[in-house]
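Down below is the structure, laid out as structure tokens.
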Amino acid sequence: MELQYTTYTALLLFTTCLNIFLAWNIWKRQRISGSIYLFFIILAAALWSFTGALELASTTIATKILWGKISYIAITTVAPLWFLFTVTYSKNQFKVKKQQTILLLIIPTLTTLLAFTNEMHGLVWSGFSYLETSAGLIILYKHGIAAIISAIYSYALMIMGLIVIGQNLFREPSIYKQRGFLMVLAALIPLLSNLIYALGVSPFYFDPTPLALTITGILVFWSLFHYKLFDLVPPAYETLFSNMKSGVMVLDLNERIVDVNDSVKNIIGLGSSSVGEKVEDELDMWSEIHPIEGQNDAKMELKLENNPENRFLEICYNRIYTEGIPSGWLYIFEDISDRKIAEKELKESETRYRTIFENTGTAMIMIESNGMISLTNAEFLELTGFRREDVEGKMQLVDFVSEEERNTLMDYHHLRRSERGVAPRNYEFSFKDADGKIKHVLATVSIINNTDKSIASFMDFTELKETEMALKESERKYREFADMLPQTVFETDEHGNVTFFNDHAFKMFGYSQKDLEDGLNILEVIDENERQRSLDKFDKISQGDLSGDEYNAKHADGNNFPIILYSTPKCHDRKNQGFRGIIVDISDIKDVENELTKSLHEKEVLLQELHHRVKNNMQIISSLLSLQAAYTESHEVKTVLRDSQNRVQTMAIIHENLYSIDDFSRLEVSDYLESMVQSIVSSYSPEPEGIELEMSLEKVYLNLETALPLGLLVNEMVSNSMEHAFPRSGGKITLNLRSHGERYVLKVKDNGVGLPEDFDPLKTDSLGLQLINNLVKQIEGSLEVKSEDGAEFTVRFREIKYKERMTPIKTVPA
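Numbering-wise, our numbering comes out as the position in the sequence shown, counting from 1, plus 1.
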């Protein structure tokens, strides 16, 4: 390919190389916002310069048109890339979406495609002419509608980019304004040169835009190396500098104010008018915050004097370096008045908290994230027996627990910080004090909000634990004792549901522990026909009736058997909480009882028959005595026979009474005595109306051992009155029997002739009186005799105990 070389061609090739170098440097700074767009801008400028150089150097029209078509790749994309760079690099930090980038590149892409196919439609250029110049053959294009639209579109994007830069230019601090002007100038030069060429007023026959882009590249190169264009992004600096709530002041080495932000005016009253002035002339506090010689940075707090608001400032300064050489100072002012107030309130709150912490009455500690105890109160020190200085900052909670529980507490500690809500808030553990004594404590641990610290409180329940253990031991012994008993031991709740059965209960009724857990009711062990009676009985038990009752029990298999149920209410705070009691299986007892009943009935029949026969025999004896008396004329013999007959009759009456009663062990003596006395009186007087009987007999029950001698005693006393008290006419006999506790008093009195003056009941030859004395001794009583208006006999006695009448036969070993 034949080429022609000119100075302009060489200049364009140099620009190409320069732009490639710039693009390479920018590529290395891809982390900077907007750098990728600037990279493609410079790369497009390099392509534009390169194609422009080759178009000038080409000697044929076809070759020149080819390079012109290729140049449209750069011509159409520079403006969209410029716009994307400005909006991304601006302080707005606008993030361009992929779809928006595609939309911006639609017209450039279409224009480029139309340029490569222009021969088919002529929309980019409708024709061209060529001109021979000193620079060689130059083609002059007649632009079509597509080229015009593309140019307008490109100018619009360039102008919009300039507007964005211009807006930021006025907001930039002074140290960045020169850099901003260079950016505007770099954009205006190619824009104006291309506009002049497009309007046809250019003194050159060729497009000077690639050459203008060379100047743009030089300006960008200058900004890159002199102003460090990408070392500190102006928009980012501006955003940070202007929007900081803290006041910022920049000084040069001569302590002149280089720049201030808006916040510094509100904090220390220093405005933008102070820029360029000496700081000591603008700031009264300068002498207090002046950099200390030899220090590159410092931080201090300062209270503003003569200020009614008592404002506090925190001031930081740092030395600024440019390429390793000190170039000024950066001051940051922060109003910490609110923080000071908060710190004061915090201290007051901490004081209050410490007061509460120390006076809760509960052992408490504060635990740091590493497990170290940082704070203790007096109760905790009393609980542990340690001194405060030995615990705080030196010991962990796990130091107070056994090896077995240490890992568990450590796991809780970490879980409480990594997965809040997982670790238990309350738990028990064994606590070891300074003397090595083990205590049982309940710990309550909570994380302090917005911190990794936790508060733990401890309740010493050692005594309660020991009581609980003693209670468990007592319950164990109670169960063991209950399980040893051959009877059912049970407890129920207030609804009658069984809460406890001993081992024998399960065997007796055939139920299991699962039946209890399923809600077995105590009424279920009672036969259905007797449940209402047992329910009524439980109501009576609640009212204090603790007697036992017999029921028919029901086994789980349906079989019935007799029981006795004893129960007592379980009360708490005077409220019935259920029942506890004992159930005795009386099946064997019932069997024995039935056998005894049968045996007793047989013996009862036998005894009744025996008494009947004895009574009949005595009646026969009495009849024989009566017949014998009829065959004698002797009054004395008749009297003796009659007395004997009365005595036999007295004993016969007792046996007659015993025959007619069920209880052979005791006899109601009033009826017996009354019947006997009437019989005696009748035996002496066929017409008893001559003798008046007055009997006041209390119903007294005596055993046979006492009743028989008492009957004979009354027989002798009444017989004595009938024989001796009334020789001429009738009279009155009074019989009185009373009980006084365990003692009894018998009185027999008549209103007859009375006893002789020298009468001594102990010294008498009368058989009757001798019998009276012997009978009184037999019942272990005492006899008192009076003779006032007749004879009066008073006997005081007790019921004598049963005495064996037969001596057991002793078996002599062979």
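Heads up, the beta-carbon is just placed ideally off N, CA and C, and yes, glycines get one too.
Can the beta-carbon of residue i be found less than 8 Å from the beta-carbon of residue j?
i           : j           : result
residue 387 : residue 366 : no
residue 720 : residue 756 : no
residue 78  : residue 47  : no
residue 717 : residue 773 : yes
residue 632 : residue 669 : no
residue 334 : residue 316 : yes
residue 303 : residue 289 : yes
residue 402 : residue 432 : yes
residue 793 : residue 733 : no
residue 736 : residue 696 : yes
residue 501 : residue 492 : yes
residue 156 : residue 113 : no
residue 583 : residue 554 : no
residue 185 : residue 166 : yes
residue 43  : residue 20  : yes
residue 623 : residue 649 : yes
residue 209 : residue 158 : no
residue 565 : residue 587 : yes
residue 770 : residue 762 : yes
Quick one, which of the options has its alpha-carbon nearest residue i's?
i           : options               : result
residue 451 : 421, 779 and 569      : 421
residue 580 : 539, 562 and 50       : 539
residue 414 : 339, 454 and 730      : 454
residue 487 : 699, 11 and 505       : 505
residue 268 : 146, 247, 141 and 449 : 247
residue 751 : 491, 261, 790 and 274 : 790
residue 503 : 467, 510 and 484      : 484
residue 76  : 434, 100 and 108      : 108
residue 593 : 570, 563 and 577      : 563
residue 25  : 531, 13 and 41        : 41
residue 330 : 596, 353, 294 and 348 : 294
residue 282 : 255, 305 and 88       : 255
residue 332 : 494, 286, 352 and 347 : 286
residue 496 : 513, 523 and 516      : 523
Tell me the DSSP secondary structure of residue i in three-state form.
i           : result
residue 331 : strand
residue 300 : strand
residue 563 : strand
residue 632 : coil
residue 669 : strand
residue 426 : coil
residue 237 : The predicted position of residue 237 is uncertain, since its pLDDT is 49 and thus under 50; a value taken from the coordinates is nonetheless stated next. It is helical.
residue 727 : coil
residue 193 : helix
residue 128 : strand
residue 449 : coil
residue 231 : Any answer about residue 231 is weak, because its pLDDT of 48 lies below 50 and its placement is not dependable; what the coordinates show is given next. Reduced to three states, the DSSP call for residue 231 is coil.
residue 379 : helix
Taking 7 Å as the limit between beta carbons, can you name the residues of its chain near residue i, skipping five residues before and five after?
i           : result
residue 359 : 378 and 379
residue 461 : 384, 440 and 442
residue 436 : 386
residue 576 : none
Can you name, in chain order, every residue of its own chain whose Cβ lies under 6 Å from the Cβ of residue i, other than the five neighbours on each side?
i           : result
residue 459 : 364, 442 and 444
residue 392 : 374 and 377
residue 427 : 445
residue 808 : Note on residue 808: pLDDT 49, under 50, position unreliable in the model; no value is reported.
residue 748 : 737 and 795
residue 630 : 639 and 642
residue 489 : 505, 506, 509 and 584
Spell out the partners DSSP gives residue i in its beta bridges.
i           : result
residue 1   : Nothing about residue 1 can be reported from this structure: the residues present for the chain run from 2 to 815 only.
residue 739 : 746
residue 569 : 581
residue 198 : Bridge partners of residue 198: none, in fact.
residue 248 : 334
Output needed for residue i: all residues of its chain with C-beta closer than 8 Å, excluding positions within five of it in sequence on either side, in chain order.
i           : result
residue 189 : 163
residue 777 : 714, 783, 784, 796 and 798
residue 416 : 423 and 424
residue 558 : 511
residue 217 : 46, 187, 188, 190 and 191
residue 337 : 302, 313, 314 and 315
residue 647 : 680, 681, 684, 716 and 720
residue 126 : 119, 142, 143, 144, 145 and 148
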